[in-house]
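What follows is one structure encoded as structure tokens, with my remarks underneath.
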């Protein structure tokens, strides 16, 4: 049940966007971000702004090219999103924030009970993380299935 103290802690007022990291959240996340590689040019990008851009896209569902100009550039944010998805950084960030939230609420770090509906069970049997990504992508059609290809082929025969 939402109580006044819960509403105060969940309030996102004072932030530029509701998806931005607060000053209290950033110290939890910062140590989990991999350091820059040794050698080469020093990292010049503000990683907090990159993470804010990624969270904005995830929260709003907007396209990368529709990112507001006051966030990190879309190419930089997308490159870090792909890298952090590949190397597991996003999973570690999510897990750390999840555990911190549960502990702050005075609960066990990992839940002792779960409720799974039939749709979740079906998705898990099929391999949800991979099938979810494929389901959100546009289906690819072969040239043979294309109406244009078949109509030009029959016209030339």
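Numbering (the working numbering), first residue to last: 1 to 157. Heads up, the beta-carbon is just placed ideally off N, CA and C, and yes, glycines get one too.
Quiz item: What is the rounded straight-line gap between the Cα of residue 34 and the Cα of residue 4?
Solution: The count along the chain shown starts at 1 and reaches residue 34 at position 34. The count along the chain shown starts at 1 and reaches residue 4 at position 4. Roughly 37 Å separates the two Cα atoms.
Exercise. Find out if the Cβ-Cβ distance for the pair residue 77, residue 54 is shorter than 8 Å.
Key: Along the chain shown, one-based indexing puts residue 77 at 77. Along the chain shown, one-based indexing puts residue 54 at 54. A contact, by the Cβ cut-off of 8 Å.
Exercise. Using three-state DSSP, classify residue 55 as helix, strand or coil.
Key: Position 55 of the chain shown holds residue 55. Correct three-state label for residue 55: helix.
Self-check item: the stretch 40-59 contacting the stretch 96-113, beta-carbon criterion three pairs below 8 Å
Solution: no
Exercise. Taking only runs that begin and end inside the stretch 69-117, name each unbroken alpha helix (DSSP H) of 4 or more residues, in chain order.
Key: 74-87 and 89-104
Self-check item: First and last residue of the uninterrupted alpha helix (DSSP H) at residue 28
Solution: Within the chain shown, numbered from 1, the residue matching residue 28 stands at position 28. Per DSSP, residue 28 belongs to the alpha helix (DSSP H) from 26-29.
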